[in-house]
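This report refers to the structure that appears directly beneath it.
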Amino acid sequence: MAKGDDVAGMEIDQNSSALDQISNPKFSINVLQLLKSAQMQHGLRFGDYARYRRYCTARLRRLYKSLKFTHGRGKYTKRAISSSTVTEVRFLHLVLYAAERAWSHAMEKKTLPDGPNARQRIYLIGRLRKAVKWATQFQELCAIKGDSRTSLEAEAYASYMKGSLLFEQDEHWDIALKCFKSARAVYEELGKYGDLENQVLCRERVEELEPSIRYCLHKVGESNIKTSELVQIGEMEGPALDLFKAKLEAVMAEARSQQAASLTEFHWLGHRFPISNAKIRVAILKAQELEKDTNGPGADSVPTEKKLAIFDKIFAAYSEARSCIRNDLANTGNSESIKDDLSGLDKAIGAVLGERTIERNQLLVHIAKNKLSKVRDDKNEKVTKPEELVRLYDLLLQNAADLSDLVSSGRDRKPEEVALSEECELKSLVFRAERCFYLAKSYSLAGKRVEAYALFCRACSLADDALKKLQSSANADQVAIKELKMLYNDCRSNICIEHATGVMEEEKAPENLSEKISSISLTGNYKKLEKLLMENLENYESAVGDPTTKSTPHISVFPPAFQAVPRNPVIMDLAYNSIDFPSLENRMKKDKKSLLSRLWG
Numbered sequence: 003m004a005k006g007d008d009v010a011g012m013e014i015d016q017n018s019s020a021l022d023q024i025s026n027p028k029f030s031i032n033v034l035q036l037l038k039s040a041q042m043q044h045g046l047r048f049g050d051y052a053r054y055r056r057y058c059t060a061r062l063r064r065l066y067k068s069l070k071f072t073h074g075r076g077k078y079t080k081r082a083i084s085s086s087t088v089t090e091v092r093f094l095h096l097v098l099y100a101a102e103r104a105w106s107h108a109m110e111k112k113t114l115p116d117g118p119n120a121r122q123r124i125y126l127i128g129r130l131r132k133a134v135k136w137a138t139q140f141q142e143l144c145a146i147k148g149d150s151r152t153s154l155e156a157e158a159y160a161s162y163m164k165g166s167l168l169f170e171q172d173e174h175w176d177i178a179l180k181c182f183k184s185a186r187a188v189y190e191e192l193g194k195y196g197d198l199e200n201q202v203l204c205r206e207r208v209e210e211l212e213p214s215i216r217y218c219l220h221k222v223g224e225s226n227i228k229t230s231e232l233v234q235i236g237e238m239e240g241p242a243l244d245l246f247k248a249k250l251e252a253v254m255a256e257a258r259s260q261q262a263a264s265l266t267e268f269h270w271l272g273h274r275f276p277i278s279n280a281k282i283r284v285a286i287l288k289a290q291e292l293e294k295d296t297n298g299p300g301a302d303s304v305p306t307e308k309k310l311a312i313f314d315k316i317f318a319a320y321s322e323a324r325s326c327i328r329n330d331l332a333n334t335g336n337s338e339s340i341k342d343d344l345s346g347l348d349k350a351i352g353a354v355l356g357e358r359t360i361e362r363n364q365l366l367v368h369i370a371k372n373k374l375s376k377v378r379d380d381k382n383e384k385v386t387k388p389e390e391l392v393r394l395y396d397l398l399l400q401n402a403a404d405l406s407d408l409v410s411s412g413r414d415r416k417p418e419e420v421a422l423s424e425e426c427e428l429k430s431l432v433f434r435a436e437r438c439f440y441l442a443k444s445y446s447l448a449g450k451r452v453e454a455y456a457l458f459c460r461a462c463s464l465a466d467d468a469l470k471k472l473q474s475s476a477n478a479d480q481v482a483i484k485e486l487k488m489l490y491n492d493c494r495s496n497i498c499i500e501h502a503t504g505v506m507e508e509e510k511a512p513e514n515l516s517e518k519i520s521s522i523s524l525t526g527n528y529k530k531l532e533k534l535l536m537e538n539l540e541n542y543e544s545a546v547g548d549p550t551t552k553s554t555p556h557i558s559v560f561p562p563a564f565q566a567v568p569r570n571p572v573i574m575d576l577a578y579n580s581i582d583f584p585s586l587e588n589r590m591k592k593d594k595k596s597l598l599s600r601l602w603g
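Going by this note's numbering, the first residue of the sequence shown is number 3, and it counts up by one from there.
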């Protein structure tokens with residue numbers, strides 16, 4: 003009897019659990035994958051937060067209408083979303099996209115070109131608070147209505163939003179650190195399970211959270227991270243890192259402004275120019291910090307693409323400094339000494355900018371040379387032609403000439419300026435030799451042997467002159483000497499090759515000409531290897547040939563052969579003026595005249 007009661011009780015429990023699952027279903031949302039897909043497809047691939055916010059707004063409007071959950075018609079009546087309201091998964095999407103809309107609006111204000119002002123910053127923090135509110139509600143609803151994985155992802159999402167708010171407020175760094183660590187722990191666990199795409203997304207999110215965690219540790223005081231390491235962390239990419247980058251840029255700007263107080267003079271080639279404007283100091287200090295990455299001890303390990311990006315930032319910093327200097331010149335009164343100092347500072351920064359431009363163009367030449375000498379494995383890879391190197395050397399020659407003119411424009415020239423001017427002339431000679439060599443290469447590829455031979459001889463002469471001058475200088479660059487020797491040897495070898503190729507082509511010229519003349523025909527020189535398709539329409543035979551071989555399809559003769567056509571006789575055209583044609587006046591219609599026309603006619 004007791005055994006029968008136990009069986010009946012088990013059946014009742016099973017039935018009640020089945021009824022609970024039907025009445026209270028558990029929804030599943032892959033939160034990270036859903037958000038990543040929406041962000042990448044609607045603007046965040048390019049950092050366009052305004053476009054993503056518009057998408058979230060449109061998505062919410064569609065969800066409200068499809069769920070018939072609108073807030074009244076005409077008059078707004080708020081309808082709250084509770085656990086009893088969530089009857090399908092789209093209600094959870096409503097709360098999630100509301101949080102995303104508030105977050106994207108805050109990030110839109112954060113990434114303004116000049117940064118948010120005080121009023122915009124207050125609005126930004128308000129939108130982040132709204133995002134935290136919606137994310138917390140999403141977490142609570144998923145804990146009740148979602149499965150275990152969805153609940154975990156919602157918890158990580160809410161923790162990330164809370165940490166982002168505290169990160170922006172610059173307060174409670176320990177709580178922000180705890181939130182970021184909680185989100186990281188969840189994503190690390192979720193990255194161990196599921197499909198491959200989900201694992202990759204979780205690992206990417208962990209990597210995006212790592213810089214924020216390290217920065218919070220730095221602010222709390224548990225980490226002795228240096229400023230240079232923070233800059234390296236800020237070079238990572240991802241939507242979750244935009245807030246960190248903005249914070250890092252503000253920290254770096256504050257550090258530069260503090261360091262700029264000690265930068266009172268700018269030293270250039272023995273000159274000292276005072277700097278009174280704080281903006282000029284900050285811009286010059288920023289450029290000098292970036293120059294350490296291109297000319298410092300670890301510059302060889304920096305990738306070329308990253309170096310090009312660093313050069314762009316250097317140019318922007320020096321251009322900003324020159325703009326501030328020229329504004330000060332325009333606003334300066336009649337003080338000649340201040341004008342002279344500002345003019346000298348503008349000249350010095352312009353010269354430094356010219357030197358960095360030459361370095362950047364030399365880096366582009368190095369990249370183009372590597373592509374020219376590399377064997378192409380991919381057919382879609384762009385081919386580097388010698389004409390591109392010729393164009394780059396034209397730019398280098400112009401840069402060297404501009405720098406030389408700028409340095410030699412002053413009256414009282416110091417020995418350092420004279421040395422820089424001589425260095426520019428020597429560089430111009432090297433650039434001319436390199437340009438002549440690649441110009442000869444382009445002529446050689448075009449089959450113009452005489453022009454290529456003459457240009458290779460000229461390049462060999464220029465390389466020899468530059469090599470002699472470089473070896474006779476006091477501070478000779480051994481790397482430049484080695485490159486010039488290689489260029490000189492390449493010129494000599496190409497001279498011999500062009501000479502031999504030209505002689506061979508000259509010897510074969512009469513034979514090739516006789517072959518071409520013998521093959522000339524009025525009916526065309528098409529060799530019928532087989533019947534053409536147009537001549538063999540009655541039979542079902544392929545005119546394309548074997549698909550495994552590269553044979554030309556034989557459809558019809560093209561271009562078509564010449565055909566003799568009749569034309570007008572020339573004799574009739576010549577005799578036209580001598581023919582006497584009969585008169586036709588008697589056959590012409592006569593006009594009938596009226597009485598008045600006869601009287602006065």
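C-beta: ideal position from N, C-alpha, C; glycine also.
Please read these numbers as outputs of a predicted model, since none were measured by experiment.
When DSSP states are grouped into helix, strand and coil, F29 belongs to the strand group. With contact defined as three or more Cβ pairs closer than 8 Å, the segment 309-321 and the segment 285-299 are in contact.
Taking E390 as the centre and dropping the five residues before and after it, the same chain places the C-beta of A370 closer than 6 Å to its C-beta, in chain order. Between the alpha carbons of A160 and P305 lies a distance of about 38 Å. Taking the CA atoms as reference points, E307 sits about 13 Å from D295.
The bridge partners DSSP lists for R274 are H269.
Looking at the backbone, the Cα of L69 and that of R92 are separated by about 8 Å.
A residue is called buried once 16 or more other Cβ atoms fall within 10 Å of its Cβ, and R121, having fewer, is exposed. Excluding the 5 residues flanking it on each side, S423 has same chain C-beta neighbours closer than 6 Å at S406, V409, S410, in chain order. For E419, the closest alpha carbon among the candidates H73, L271, D343, L347 is that of L271. Shortest Cα-Cα distance from Q41 to any of A60, S85, E102 involves E102. The alpha helix (DSSP H) runs lying completely inside the segment 412-482 and spanning 4 residues or more are 417-447, 451-474, given in chain order. In chain order, C426, K429, S430 place their CB closer than 6 Å to the CB of A402, counting only its own chain and leaving out the 5 sequence neighbours on each side. Pairing L344 with L355 gives a Cβ-Cβ distance that is not under 7 Å.
Residues I215 of the same chain have their beta carbon placed closer than 8 Å to that of K183, with the five preceding and five following residues left out of the count. The DSSP-derived three-state label of G148 is strand.
Within the same chain, and ignoring the five residues on either side of T386 in sequence, the residues whose Cβ sits closer than 8 Å to its Cβ are A370, K373, L374. The beta carbons of Y189 and R207 sit about 5 Å from each other, so the pair counts as a contact at 8 Å. Around the beta carbon of H368, fewer than 16 other beta carbons lie within 10 angstroms, which makes this residue exposed. Boundaries for D172: no alpha helix (DSSP H) harbours it, and the DSSP string shows neither H nor E there. Using a 10 angstroms sphere on the CB of R358, the tally of other CB atoms reaches 16 or more, which defines it as buried. One thing to note: A82 has its Cβ no nearer than 7 Å to the Cβ of A104.
Cβ-Cβ separation between F29 and T152: approximately 7 Å, consistent with a contact (criterion under 8 Å). Three or more beta-carbon pairs separated by less than 8 Å link the segment 443-460 to the segment 495-513, which places the two stretches in contact. When secondary structure is reduced to three states using DSSP, Y54 falls in the helix class.
Taken through DSSP and simplified to helix, strand or coil, P561 comes out as coil. In this structure, I146 sits near S85, with a CB-CB distance shorter than 7 Å.
Closest option to P562, judged by alpha-carbon separation, among M536, P584, N579: M536.
Shortest Cα-Cα distance from E173 to any of Y217, L154, F317 involves Y217.
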